[in-house]
Structure formats: C-alpha cells, structure tokens
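Just below is one structure, and these are the notes that go with it.
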Amino acid sequence: MNLYFAPLEGVTDVNFRNIHAHIFHTPLSCADKYFAPFLALTQDHTIHDRDRRALQIENNPGITVVPQMLTNDPHAFLGGSRELFGMGYREVNLNLGCPSGTVVGKKRGAGFLTEHDDLERFFDTVFADALFADGNIKLSVKTRLGMFSPDEFPDILDIYNKYPISELILHPRVRKEMYKGDVHTDMTIYAMTHSKHPLCANGDLFTVEDVRILLGTLPKSPASLMFGRGAVSNPNLFSEVRQMLAGEPVTPLSIEQLGAFTEALYEDTKTRLSGERHMLFRQKELWAYWIVLFADAEPFRKRLRKASTLTEFRSITDTLLRTGSLLPGAGFAGNAKMNTPIS
410 MNLYFAPLEG VTDVNFRNIH AHIFHTPLSC ADKYFAPFLA LTQDHTIHDR
460 DRRALQIENN PGITVVPQML TNDPHAFLGG SRELFGMGYR EVNLNLGCPS
510 GTVVGKKRGA GFLTEHDDLE RFFDTVFADA LFADGNIKLS VKTRLGMFSP
560 DEFPDILDIY NKYPISELIL HPRVRKEMYK GDVHTDMTIY AMTHSKHPLC
610 ANGDLFTVED VRILLGTLPK SPASLMFGRG AVSNPNLFSE VRQMLAGEPV
660 TPLSIEQLGA FTEALYEDTK TRLSGERHML FRQKELWAYW IVLFADAEPF
710 RKRLRKASTL TEFRSITDTL LRTGSLLPGA GFAGNAKMNT PIS
C-alpha cells in the first residue's frame, strides 16, 4: 500500500518536504509520494517562476514529487503538463477538491464538480492530446464528493470512470463541510466498489488508530492512503502506519525526532523570511500542529498564543521540548483546539 503526503497550501512547500525527507529518510519513514501544493499558471499557460524553481527535480533530491494544478481550463492544464513533462515529471494531479470560496467561485477545485458537461469536455480535451493519449504522462485526480451533498458523487464518479485516470484520491466530504464533521466513509466504500481506477483514501487520517479503523471498515484495502494534517502534526506517521500494516510493534515519534524536525524548519524559516513578525507567524502556524502531541500542553499553548517576540516563543518551545513528554498515540485530532491556530 502506497502512503502519500498531501499538499497543504502554505505548509508543505519545497523546503518542508525536503526537510521531512531528510530527517525521516528511510523507506519506512518517508512518503512514497509528496504531492506539491497547487501551482500557479500564467495567462500564457506557463508555470510561474517561483513554482518552477520549487518543482525543479534537482531541488527535490531523492523524493518523488507530484505537481498539482488547479484549473478548469484544459488548455492551461495541457500547457502546464507539457512544461512539467519537459522538467522530468511523469504524473500530474488535478485538484477538484479545494473548498476555498475564492476558488469555488471561479468554478475551480470543488466548484468544478457542479459543471458536469464542462468537466467532461475538460477530460475529453486533455486525454485527446498526444501527451496523455500516448501515455507519456499520467493524470491523477484529487476530488471531493461534490459541492452540497454526498448524493452528488455517483454521477461525478461516472464521469471519472469514462477516462483513463491513473488514480482517484478521495476526500469524502462535500465542499460545504470544508474540514468539519465526520467523513462519509460509506462513500469511500462506494468509490471502492464502483470506481474503475485505483483508489487512494484521504481525509481525517491523523493517527495509526484512524488507519486501523478505516481499513477495518472497508471491504478491501485501498491502493494508497494520503495523509495531510496528520503527517504535519506527526512527521513519523508514515513509519508508524507501515509498522502497523506489517503487523509489527509500532515505534512512536520520539521527542528527539520532533525536536530535530522543528529545529530544521525553524532554521529554514530564518534563511527565507525577513522580519521577526513573519518568522513568528510561521512558527505559530507550525506549532499549532505540534502542540497537540504533548501531555499537559494547555498552559504552554496559552503562553505560545500570547508570545509577542520570537525570543519569547522560542524559549517556551525549547522548554517544552526539553521537559515535556509526548502523548502515546496523539495526533492532529487528539485535541479539537488544534483547529484554532496559536496565533
């Protein structure tokens, strides 16, 4: 079973994925694929320079990266795909799940899921092009169930089944649910039994126990699993899940591993961001994922939220890493307050 790192805009950038792959570098502990956050295309259907630099193969050494595009224009998608193919990529991912209001309002991401005729025309155009028709590059799709109701999904899946999509990555929520409430596992089961494509299960997989429960619910194992917020919170999650799948004792994330990971990301922040305010915001953003892993974290959470200088913030996190302890089996969903940023 393949294990993927999901794209989180503003979090899992090129530096984040390289640091993760460097510290959690064994085949057991790294992701089989790192999906890059969706890239921006120019009006000429080319990739912006910043995204191009981030996706250069030499800037992602030793890892498999899958670029993602967010568009409803097949010609833009083809333009970006040709450029990515020239850079050495052999898979591109289409984002049909982003729930952002700005995106949805332009009929992109999850907003494209209401436009069935346009969606078919999109795939008709893309798969008629020699780049995809000749199998030079694969197209995977990351999707939600629909915009308003899970009942929309069977018709959407019927569209996907008409085309040679390489893999279907399903986040089993509709757009209006954003990331709240329970996922619709019954629709994952529906996809597993009705999709003609390999299925990757995604959504609220934060801990080993979450994976164990999901796999115990499904009629068979999916081809892949994708982890987003859970893997940011627990960067050792891939190792733990693989041990569980192999029937081996699970070795949890150590505080030393977490300390090395957080410090590497801090040093990266220092080299890339100017101004203490920006650095402090980035650290607060990341520590909102990690604070939930600690026992007796609430007093530290309050102090981190109130910290107004980077020195003060670092003093608190250093104390936490030096004197704190990690909760067994903790993960992103271990504390509902994780949904409220520290900042």
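Take any residue in the sequence shown, note its place counting from 1, add 409, and you have its number in my numbering.
Even glycine gets a Cβ: it sits at the ideal position worked out from N, Cα and C.
How should residue i be labelled, buried or exposed, when 16 other C-beta atoms within 10 angstroms of its C-beta is the threshold for buried?
{"i": "P658", "result": "exposed"}
{"i": "A745", "result": "With a pLDDT of only 34 at A745, under 50, the local geometry of the prediction cannot be trusted, and the value read off the model is given with reservation. Flag for A745 reads exposed."}
{"i": "H606", "result": "buried"}
{"i": "A704", "result": "exposed"}
{"i": "M381", "result": "The requested residue 381 is not part of the displayed model; the chain covers only 410 to 752."}
{"i": "E500", "result": "buried"}
{"i": "E676", "result": "exposed"}
{"i": "F741", "result": "buried"}
{"i": "G637", "result": "buried"}
{"i": "N570", "result": "exposed"}
{"i": "G430", "result": "For the sequence presented, residue 430 should be read as Ala rather than Gly. Classification of A430: buried, given that the 10 Å Cβ count is 16 or more."}
{"i": "D591", "result": "exposed"}
{"i": "D527", "result": "exposed"}
{"i": "T582", "result": "Note that residue 582 is Arg in the sequence shown here, rather than Thr. Flag for R582 reads buried."}
{"i": "I466", "result": "exposed"}
Of all the options the options, which has the alpha carbon lying nearest to the alpha carbon of residue i?
{"i": "S633", "options": "L730, L623 and S642", "result": "L623"}
{"i": "M587", "options": "A440, F444, R553 and T732", "result": "R553"}
{"i": "K442", "options": "D527, D526, D613 and P470", "result": "P470"}
{"i": "T473", "options": "R491, H457, K516 and A415", "result": "A415"}
{"i": "M556", "options": "F536, H525, E694 and L540", "result": "H525"}
{"i": "Y698", "options": "G497, T455, T726 and S549", "result": "T726"}
{"i": "V420", "options": "T678, E492, Y572 and E500", "result": "T678"}
{"i": "M688", "options": "L719, F709 and A706", "result": "L719"}
{"i": "F447", "options": "G518, L528, P631 and G510", "result": "G518"}
{"i": "E561", "options": "D538, S549 and K585", "result": "K585"}
{"i": "V423", "options": "L450, P476, I456 and F433", "result": "P476"}
{"i": "P436", "options": "F647, L479, A610 and Q692", "result": "F647"}
{"i": "G544", "options": "Q452, F425 and R491", "result": "R491"}
{"i": "L667", "options": "E721, L735, H434 and L522", "result": "L735"}
{"i": "P708", "options": "T728, L522, L662 and C507", "result": "T728"}
{"i": "L662", "options": "R681, G656, S642 and T680", "result": "S642"}
{"i": "L540", "options": "T680, P573 and T602", "result": "P573"}
{"i": "P563", "options": "E665, L450 and L522", "result": "L522"}
Any heavy atom of the ligand FAD closer than 7 Å to the CB of residue i?
{"i": "A440", "result": "Although the ligand FAD was asked about, the structure shown includes no ligands whatsoever."}
Per DSSP, residue i is paired with what?
{"i": "S633", "result": "N411 and C609"}
{"i": "T478", "result": "The identity of residue 478 in the sequence shown is Met, whereas the question assumes Thr. Per DSSP, L448 and L503."}
{"i": "I456", "result": "L450"}
{"i": "Y443", "result": "F414 and V474"}
{"i": "F703", "result": "L735"}
Which residues bound the alpha helix (DSSP H) around residue i?
{"i": "L736", "result": "L736 -> no alpha helix (DSSP H), and no H or E assigned at all."}
{"i": "D512", "result": "For the record, residue 512 in the displayed sequence is Val; it is not Asp. Per DSSP, V512 belongs to the alpha helix (DSSP H) from G510 to G514."}
{"i": "S683", "result": "Per DSSP, S683 belongs to no alpha helix (DSSP H) and is neither H nor E."}
{"i": "T626", "result": "V617 to T626"}
{"i": "I466", "result": "Element bounds for I466: n/a, residue is neither H nor E."}
{"i": "E524", "result": "From DSSP, E524 is part of no alpha helix (DSSP H); its letter is neither H nor E."}
{"i": "S717", "result": "That residue, S717, is in no alpha helix (DSSP H); it is neither H nor E in DSSP."}
{"i": "R426", "result": "V423 to I432"}
{"i": "R491", "result": "P483 to M496"}
Would you mind listing the beta strand (DSSP E) stretches within the region 538-603 that are 3+ residues and don't spill past its ends, in chain order?
-> Runs of the beta strand (DSSP E) spanning 3 or more residues and lying entirely within the region 538-603 occur at 547-552 and 577-579, in chain order.
Can you list the beta strand (DSSP E) stretches of 3 or more residues lying completely in the region 635-677, in chain order?
-> none
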